[in-house]
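Residue numbers (the working numbering), protein chains in the order written: chain A, 34 to 493; chain B, 34 to 493. What follows is a short report on a single structure.
Rendered as structure tokens:
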């Protein structure tokens, strides 16, 4: 059984240049493990180790590497070796490599391909970036519904070798149009004289080559499939997509969503490799928007200049109150964005959610309000800080404001994703920072107005 | 081809109680689509529509429903119907239903099962919650390596009907120990006289029944599998897990991570159904921790009471400066948590990341600083607000503070996940609110100390 067996002994073998032992050691490893091992060793040694692998294994290992490593190893290889790998790669993995390379390198690599593989590679690269066509493998087995199972199995034995998977067999009509997908089990549990038309269920789900790759995930999840056929606008079968490619896509989608929720544009490339100016641009946009919005706090504060001058103690609790509103808003907005993302909450649920958040916000506000009230009273009582003779009204102002601000933060944070979605925007942009900014301005108004009422006749 | 065909006509048919037409309409729908349709109609009508489905289809549709809906439909059914569904369900889906039910309901449902199915259900429920054992289907086909392909195919034809999938055939030894997993394609592309031992590759990856389900996802992803075998501590084959179950688990893991990043404990149950007190508890803990930490701002502010009294204008820009630090920190921490989550950044990368964030923070700080400086000068120039004769030193204080705070926020936000991981904690708890709170306190110190230096001799 395999697992994470990458031990120090492999590194030693590489250092010692003990290639015979290394080749021996790798012989019973899985390609994914060798691939992982390769990424752990220095780049200049990767190509050396790579050459030790038997040819069939080499291509499989190569497919597990990331694009950057693949590019470097190809460059370090001779033309003949590189051509062999590129021709042997499964078309979807090859597309993933080629789409990341600069135009000149792509042209160079296409020259290394056999005429057939070149045609396949070019047709896949013709699909727009981010579509299902780019993920597709155009290697599949099709059968006709008039065939018997025996005929199907003979056909598969003859032509199945090149197909990435034989888990699903596709049934097409006279015009190459997909009319059914049948799981291999259906062929294996019946007498071989049975006709395909006798048991095919006339039900299939297919992707279009021009569908967005991110939308494909939903289809995979909804129908619990590990593989889906891809058709063109005339329903002709073009290829198939496997769930492992979709897992990668889903990881990217989650990354984008998280980055938006963190208050920035999605980077669209790995953090470790993105060029600094490009990353700064992606982050600056939202940071500036938030900054300009937050300037409203300065404008709002102008109206309370007089209050602050009379009672500087009010400024002291300003950060505490504003951040509490922001934090409760961040909680609420995260919960709702995610619940929307997994389809648990829909637009029409807004009223039920608002009621729930009103109650949650009230409870949380009361908890924080009480803590705030007792903190101020305690400091006064223990002579840690002297808030003056009106300390208890100050404590009351802080406590009451906290209730209002936390309630307001929870409701605003929960409702913002609904508003964004209602207007066709991505709810994920109602990020924690965005909600915090929104709640900061309004929290300020709540605080100073509570202060005006409660402190009237004493401090103000 | 199937898709989202749930139209208003179905609702009409239900309202009209036109069951014949409804049965007809459903006949060429996929189970997943009927399941989705069922969730859209009122609960009391779900069971009625459900009864219209042919028996084989009914179980499949049932498996696509969520636990709550399943429970309600079972209750609305007679014993005979419920027993049929429960016995026909695939064991992994049945476990998912049973583990959500109260003990009494589980006992009642186990009584409805045949002795064999009951034994299976009970053995699966014996695995701890959240382990691979709970996701497993103990229905598989095993063969011996001494068999020919013809023998394998005969065996599959006889015993394969109950297996959830035949995409992978398992090879066991004399003691029932798993010694290989072979994809069905390997049997189909070779002459039927070939021995299994001639082509099996001696390489397989297996889960243990006691493994954490969330860890299984990594194995699925690393080895690009759609199905993995499950073994016990003696390497005996117990069952298998399919990738669709893993997708569900991964969705839950992502939800937990996002909720932590939003500044709370993971809810561990859907937002829509969690009881209010339980949700408040999950949210209150972190909110209180953050509140208590944020109190440090009030303590810090005590030291600058004098400055605020002399220059109330300083208080005016406090929220702006603090929030800018929090926002840049939120961006940095989100990027790093996610990059760690997908394995792109490791502990040893901390120095490289710090350097990158120092530069990013400096650039972003300069951008915001310049905007802040010009905003104040512009307001003064346009007579929107009068900052007094020292307006330009105030503008300078705000600008310089912003550079410092944004830089500090970016570096703190980026380094916090490293610190947490270094001490064995989950980096995801370095949430946006947590970083904002941390940066608030320090941001305040930066701001007032910059003010002391720059405003010395003028306002202070």
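Built from N, CA and C at the ideal position, the CB exists for glycine as well.
At a cut-off of 8 Å between C-beta atoms, residue 408 of chain A counts as an interface residue with respect to chain B. As a beta-bridge residue in DSSP terms, residue 245 of chain A pairs with A:164. In chain order, 300 place their CB closer than 7 Å to the CB of residue 307 of chain A, counting only its own chain and leaving out the 5 sequence neighbours on each side. What residue 118 of chain B touches in chain A, judged by beta-carbon distance under 9 Å, is nothing: the nearest beta carbon there is about 18 Å away. Residue 272 of chain B: member of the beta strand (DSSP E) spanning 270-275, first to last residue.
Contact annotation for residue 330 of chain B against chain A: 349, 350, 351, 352, 353, 356 [CB-CB distance below 9 Å, chain order]. Burial state of residue 317 of chain B is buried, judged by a 10 Å Cβ sphere holding 16 or more other Cβ atoms. Contact of residue 235 of chain A with chain B by beta-carbon distance below 8 Å involves 61. Listed in chain order, the positions of the segment 364-394 of chain B with a beta carbon within less than 9 Å of a beta carbon of chain A are 364, 365, 366, 367, 368, 369, 370, 371, 372, 374, 375, 377, 378, 382, 385, 386, 389, 392, 393. Residue-level contact check: residue 304 of chain A touches chain B, since one or more beta carbons of chain B fall below 8 Å from its beta carbon. When secondary structure is reduced to three states using DSSP, residue 263 of chain A falls in the strand class. For a cut-off of 8 Å, the C-beta gap from residue 218 of chain A to residue 199 of chain B is around 4 Å, short enough to register as a contact. DSSP places residue 213 of chain B outside any alpha helix (DSSP H); the residue lies instead in the beta strand (DSSP E), whose first and last residues are 211-216. The shortest C-alpha to C-alpha distance from residue 48 of chain B to any of B:69, B:81, B:61 is the one to B:81. The alpha-carbon separation between residue 67 of chain B and residue 56 of chain B amounts to approximately 11 Å. For residue 176 of chain B, the three-state secondary structure derived from DSSP is strand. Proximity to residue 69 of chain B across B:97, B:325, B:332, B:396 peaks at B:97, based on C-alpha coordinates. A straight-line Cα-Cα distance of about 31 Å links residue 125 of chain A and residue 232 of chain A. Residue pairing for residue 203 of chain B: DSSP places it in a beta bridge opposite B:175, B:214. With contacts defined as CB atoms closer than 8 Å, residue 483 of chain B and residue 434 of chain B qualify as a contacting pair. For residue 435 of chain B, the enclosing alpha helix (DSSP H) stretches over residues 424-455. Across the structure, residue 137 of chain A and residue 83 of chain A are spaced so that their CA atoms are roughly 25 Å apart. Runs of the alpha helix (DSSP H) lying entirely within the segment 89-169 of chain A and spanning at least 4 residues, in chain order: 100-109, 112-121, 124-131, 136-145, 148-158. Annotation: Cβ neighbours of residue 396 of chain B in chain A (cutoff 7 Å, chain order): 313. Collapsing the DSSP output to three states places residue 306 of chain A in coil.
Cβ-Cβ separation between residue 412 of chain B and residue 406 of chain B: approximately 11 Å, too far for a contact (criterion under 8 Å). Against chain B, a Cβ distance below 7 Å from residue 200 of chain A picks out 200, 217. Listed in chain order, the non-local C-beta contacts of residue 455 of chain A below 8 Å within the same chain comprise 380, local neighbours out to five positions each way being set aside. For a Cβ distance threshold of 8 Å, residue set 186, 189, 190, 193, 199, 217 of chain B lies close to residue 221 of chain A, ordered along the chain. When secondary structure is reduced to three states using DSSP, residue 181 of chain A falls in the strand class. Only residues of its own chain outside the window of five on either side were considered, and among them 340, 341, 484 have a CB closer than 7 Å to the CB of residue 347 of chain B, listed in chain order.
Going by DSSP, residue 480 of chain A is part of the alpha helix (DSSP H) stretching over 465-487. Between the alpha carbons of residue 465 of chain A and residue 441 of chain A lies a gap of roughly 15 Å. Distance from the CA atom of residue 178 of chain B to the CA atom of residue 270 of chain B, rounded to whole angstroms, is 15 Å.
The criterion of a C-beta distance shorter than 8 Å is satisfied by residue 169 of chain B and residue 273 of chain B.
Note on geometry: alpha-carbon atoms of residue 323 of chain A and residue 135 of chain A lie some 36 Å from one another.
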